[in-house]
Amino acid sequence: MTFVLLFSFIGLSTCLMRGNETDRLSLLSFKSLISDDPSGALHSWNNTLHFCQWQGITCSRRHQRVAVLDLPSLKLIGSIAPHIGNLSFLKELHLPGNKLSGEIPSEIGFLKRLRKLRLLNNSLNGEIPPNLSNCSALVIIDIRNNQLLGEIPNEFGSLTKLKQLSIYKNHLTGHIPASIGNLSSLIILSASYNSLYGSIPFSLGQLMNIQFLFVAVNNLSGTIPLSIFNLSALTYLEFTENFELQGSLPPDLFTTLPNLQCLTLEYNQFSGPIPVSITNASNLLFFDASFNQFSGSVPSLAKLHKLQRWDIAGNRLGTGGADDLYFLSSLVNVTGLEVVKASGNYFGGRLPETISNFSTNLRVFYAGSNQISGEIPPGVGYLVNLEEFSVQNNRISGTIPRSIGKLPNLVHVYLDRNQLTGQIPSSIGNCTKLVLLGLGANFLQGKVPQSLGMLQELAGLDLKINNLTGPVPLEIFGLTSLSISLDLSANNFVGSLPNEVGNLKNLGYLDFSNNQFLGNIPATLGTCVRLEQLLMGGNKLQGSIPESLGSLRGLEELDLSRNNLSGEISRS
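The sequence shown runs 1 to 572 under UniProt numbering.
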């Protein structure tokens, strides 16, 4: 009996030693294919230490076999050695955030104990090995943000323990396999940013545990299977930018998906009304249905207390009626609201005074290109964190409220193409973070306030087609930040153009046309070497055309017509 036990012990020890040596050699093979290790993470991988003490290695206690290989974000350059498939006790393979290239070795399919495979954020290419499906213990496959090709293996449907399948941001093609519907444990399916096509399989409606379903930015088409809207565990649902998804949303969508926090549908062909059940979507944080064909009225949003982003731009919502914007008033008690976008619809009525009571967290308000009338509420000045404000291309009248100067974080303001009257308030000069200011195509009058010269970050200023008068303040020509455009056309500006116009060395578009400017063209304009369009027609300019304009080599359009100028322009 003693002899038998001793023989068994010796046999077990020999087996363990053989397994240990296999692991050691497999790891050294892995190291041999790493061509650059800038952080020195693999320096400890040598014979002076047992491999269980090497950086990134965790061994099982009982057998001293490699259980975890974890080398994240170390900028390792190279490829994954196929010998990795000999680490037969490996449970977790984590190599995210490196610079690994080449294919995912099919030998990984030999790792029967593998539970977590994380190869995200590398430069891996080739196809996904179908025999990963042999790793029946897999719980996580995260291979996102690589350069993988081919199709999603149909064989993945056998991985019934899989909870996360993240393959987004690759170059995958083909259909979403119907077999994915067999992954009864799946919580996360992330397949966005690929080139998947065809319809969304009905079988996805069997994923009763799924919480996150991301298939945005692909080429999917057809309708969303109704069964998906019965997956009550769903919290995030993203179909953005497939362009050909269509159909209407079920009226009870937000009843059958009570946990939904995020629904993004933008840039598709969805139509019909916004589901009335949204009135009870109390967990909703983000709703983006922009650039579709939704129509009808917008239900009350008063119970959406957690809402942060509401984007319905570019649809067919509204009727032009007086009550179209009631839904805006229903948002006044939504304390976390940050973004409201309703541009490019058919909304009529007046901009409600109640927007002044929006959350002070509001950063973005877009309601341009509608049929909105009335005035801009003076209380807009209470929205102290507002960064972008757009009501352009409407029928808004009255004056620009002085309170706009109380918004120190404004970056973009678009009030152009309305019926605004009165003067430009000097208080706008307090908005020192402004980058783009659009006031064109209104009925504004009076002089341009000198305070605009305080806008030292301004890249674009549009004052065209108004009734503005007087000389242009020198402070405007001191805005060296102007790089996109300065459009003063079609006003009643007078006086001569100052030499300071030469300060606008970063400007690409300059339009002085159709005013009453007189005198000579400043030779300093020739230093504005980034100009692509220079429009000065329809003034009272006289004298010779400065030779310095020939230095504007990037100029694509030059209009000096309808003046009293003489001479020629020679290219220098």
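Positions of the beta carbon are idealized from the N, C-alpha and C atoms, including for glycine.
To the nearest whole angstrom, what separates the beta carbons of Leu415 and Gly446, a pair I think is in contact under 8 Å? Along the sequence shown, read from residue 1 onward, the residue named residue 415 stands at position 415. Along the sequence shown, read from residue 1 onward, the residue named residue 446 stands at position 446. Wrong, their Cβ atoms sit about 16 Å apart, outside the cutoff.
Between the Cα of Gly368 and those of Lys540, Val384, Lys341, spot the shortest distance and give me the residue it belongs to. Along the sequence shown, one-based indexing puts residue 368 at 368. Minimum Cα distance to Gly368 is reached at Lys341.
Could you work out which residue in Gly40, Trp54, Ser39 is closest to Asn46 when comparing CA atoms only? Residue 46 sits at position 46 when you count from the first residue of the sequence shown. Proximity to Asn46 across Gly40, Trp54, Ser39 peaks at Trp54, based on C-alpha coordinates.
For Cys59, which residues does DSSP report across the bridge? As a first step, residue 59 must be located in the sequence shown, where it is residue number 59. Residue pairing by DSSP puts Cys59 in a beta bridge opposite Val66.
Hey, quick one: how far does the alpha helix (DSSP H) through Thr256 stretch, first residue to last? Residue mapping note: residue 256 aligns to position 256 of the sequence shown, counting from 1. Counting along the chain, the alpha helix (DSSP H) containing Thr256 begins and ends at 253-256.
What's the gap between the Cα of Cys262 and the Cα of Leu213? Here the question's residue 262 lines up with position 262 in the sequence shown. Here the question's residue 213 lines up with position 213 in the sequence shown. Using only the alpha carbons, I get a separation of about 10 Å.
Flag this pair as yes or no: are the beta carbons of Asn98 and Leu76 separated by less than 8 Å? Within the sequence shown, numbered from 1, the residue matching residue 98 stands at position 98. Within the sequence shown, numbered from 1, the residue matching residue 76 stands at position 76. Against a cut-off of 8 Å, the Cβ pair of Leu76 and Asn98 comes out as a contact.
Could you tell me which of Arg530, Pro275, Tyr382 sits nearest to Thr354, measuring between CA atoms? Counting from 1 along the sequence shown, the entry for residue 354 is found at position 354. Of Arg530, Pro275, Tyr382, the residue nearest in Cα terms is Tyr382.
Which of helix, strand or coil DSSP assigns to Ile80: The residue given as residue 80 occupies position 80 in the sequence shown. Here Ile80 sits in coil by DSSP.
Run the CB neighbour count on Asn564, radius 10 Å, all protein chains shown included, and call it buried at 16 or more, exposed below. Taking the sequence shown and counting its residues from 1, one reaches residue 564 at position 564. Label assigned to Asn564: exposed.
Tell me the rounded alpha-carbon separation between Gly174 and Pro130. Numbered from its first residue, the sequence shown carries residue 174 at position 174. Numbered from its first residue, the sequence shown carries residue 130 at position 130. Straight-line Cα distance between these residues: approximately 15 Å.
Could you spell out where the beta strand (DSSP E) holding Ser329 opens and where it closes? The sequence position of residue 329 within the sequence shown is 329, counting from 1. Following the DSSP letters along the chain, one finds Ser329 in no beta strand (DSSP E) but inside the alpha helix (DSSP H) bounded by residues 326-329.
Please state whether DSSP places Phe477 in a helix, a strand or coil. As a position in the sequence shown, residue 477 is number 477, starting the count at 1. Looking at Phe477 - three-state DSSP - the assignment turns out to be helix.
Between which two residues does the beta strand (DSSP E) containing Cys431 stretch? As a first step, residue 431 must be located in the sequence shown, where it is residue number 431. Where Cys431 is concerned, there is no enclosing beta strand (DSSP E), given that its DSSP letter is neither H nor E.
Here's a check: name, in chain order, each residue in its chain whose Cβ is nearer than 8 Å to the Cβ of Ile274, leaving out the five neighbours to either side. To locate residue 274, count along the sequence shown from 1; it is residue 274. Excluding positions up to five away in sequence, the list reads Leu249, Ala289, Phe294, Gly296, Val298, Pro299, Ile312, Leu317.
Of all the beta strand (DSSP E) runs that stay within the bounds of the stretch 450-517, which reach a length of 3 or more residues? 460-462, 467-470, 485-487, 492-496, 509-511, all fully within the stretch 450-517.
Alpha-carbon spacing of Ser219 relative to Asn194, whole angstroms: Numbered from 1 along the sequence shown, position 219 holds the residue referred to as residue 219. Numbered from 1 along the sequence shown, position 194 holds the residue referred to as residue 194. Correcting the residue identity first, residue 219 is Asn in this sequence and not Ser. If you draw a straight line from the Cα of Asn219 to the Cα of Asn194, it comes to about 8 Å.
Just mark Leu5 as buried or exposed, buried being the case when its beta carbon has 16 or more other beta carbons within 10 Å. Residue mapping note: residue 5 aligns to position 5 of the sequence shown, counting from 1. Summary for Leu5: the model assigns pLDDT 40, below 50, so the residue's position carries little reliability; its value from the coordinates is reported in the next sentence. So Leu5 ends up on the exposed side.
Less than 8 Å between the C-beta atoms of Leu100 and Gly78, yes or no? Mapped onto the sequence shown, residue 100 falls at position 100. Mapped onto the sequence shown, residue 78 falls at position 78. A distance below 8 Å separates the beta carbons of Leu100 and Gly78.
With 16 other Cβ atoms within 10 Å as the buried cut-off, status of Asn499: Your numbering for residue 499 matches position 499 in the sequence shown. A residue is called buried when at least 16 other Cβ atoms come within 10 angstroms of its Cβ; Asn499 does not meet this threshold and is exposed.
Continuous beta strand (DSSP E) stretch holding Tyr267: start and end: As a first step, residue 267 must be located in the sequence shown, where it is residue number 267. Here Tyr267 belongs to no beta strand (DSSP E), and DSSP marks it neither H nor E.
Contact defined as beta carbons within less than 8 Å: I believe Leu482 pairs with Asn506. What is the distance between those atoms, to the nearest angstrom? Along the sequence shown, one-based indexing puts residue 482 at 482. Along the sequence shown, one-based indexing puts residue 506 at 506. Between Leu482 and Asn506 the beta-carbon gap is near 7 Å, inside 8 Å, which marks them as a contact.
Residues of its chain near Tyr267, where Cβ-Cβ distance is below 8 Å and the 5 sequence neighbours each way are ignored: As a position in the sequence shown, residue 267 is number 267, starting the count at 1. Within the same chain, Tyr267 has close Cβ partners Thr240, Glu241, Asn242, Phe243, Ser290, Phe291, Asn292.
Assigned exposure category for Leu479 - 16 Cβ within 10 Å defines buried: As a first step, residue 479 must be located in the sequence shown, where it is residue number 479. Buried, because 16 or more other Cβ atoms sit within 10 Å of the Cβ of Leu479.
Around the C-beta of Val384, are 16 or more other C-beta atoms found within 10 angstroms, so that it is buried, or is it exposed? One-based indexing of the sequence shown puts residue 384 at position 384. Around the CB of Val384, fewer than 16 other CB atoms lie within 10 Å, so the residue is classed as exposed.
When we look at the beta-carbon of Leu452 and count the other beta-carbons within 10 Å, is it buried (16 or more) or exposed? Here the question's residue 452 lines up with position 452 in the sequence shown. Classification of Leu452: buried, given that the 10 Å Cβ count is 16 or more.
Distance CB(Ile376)-CB(Val391) smaller than 8 Å: In the sequence shown, counting from the first residue as 1, residue 376 sits at position 376. In the sequence shown, counting from the first residue as 1, residue 391 sits at position 391. Yes, Cβ-Cβ distance for Ile376 and Val391 is below 8 Å.
Quick one, are the C-beta atoms of Asn125 and Glu103 less than 8 Å apart? Stepping through the sequence shown from its first residue, residue 125 is reached at position 125. Stepping through the sequence shown from its first residue, residue 103 is reached at position 103. A contact, by the Cβ cut-off of 8 Å.
Might you give, ordered along the chain, the residues of its own chain that have their beta carbon closer than 6 Å to the beta carbon of Leu257, omitting 5 neighbours on each side? One-based indexing of the sequence shown puts residue 257 at position 257. Sequence-distant Cβ neighbours of Leu257 in its own chain, meaning closer than 6 Å and more than five residues away, are Leu234.
Per DSSP, which one or two residues make a beta bridge with Ser373? For the purposes of this step, residue 373 is taken as residue 373 along the sequence shown, with counting starting at 1. According to DSSP, Ser373 bridges with Arg350.
For Ser397 and Arg350, I'd like the C-alpha separation in whole angstroms. Residue mapping note: residue 397 aligns to position 397 of the sequence shown, counting from 1. Residue mapping note: residue 350 aligns to position 350 of the sequence shown, counting from 1. Ser397 and Arg350 have their alpha carbons spaced roughly 10 Å apart.
Can you confirm whether Ile400, when its beta carbon is compared against all beta carbons of chain C, has any partner nearer than 8 Å? Here there is only one protein chain, and chain C is not present.
Rounded to whole angstroms, how far is the Cβ of Ile108 from the Cβ of Ile143, which I believe are closer than 8 Å? Numbered from 1 along the sequence shown, position 108 holds the residue referred to as residue 108. Numbered from 1 along the sequence shown, position 143 holds the residue referred to as residue 143. Not a contact, Cβ separation roughly 11 Å.
Given a cut-off of 8 Å, decide if Met454 and Asp429 are closer than it, judged by their beta-carbon atoms. Here residue 429 refers to the residue found at position 429 of the sequence shown. Here residue 454 refers to the residue found at position 454 of the sequence shown. Per the sequence presented here, residue 429 reads as Gly, with Asp not at that position. Annotated as proximal: Gly429 and Met454, with beta-carbon spacing under 8 Å.
In whole angstroms, what is the alpha-carbon distance linking Val339 and Leu331? Here residue 339 corresponds to residue number 339 of the sequence shown, with the count starting at 1. Here residue 331 corresponds to residue number 331 of the sequence shown, with the count starting at 1. CA-CA distance, Val339 to Leu331, rounds to 11 Å.
Close Cβ partners of Ser282 (< 6 Å) along its chain, the five nearest in sequence each way excluded: Against the sequence shown, residue 282 aligns to sequence position 282. In chain order, Lys303 place their CB closer than 6 Å to the CB of Ser282, counting only its own chain and leaving out the 5 sequence neighbours on each side.
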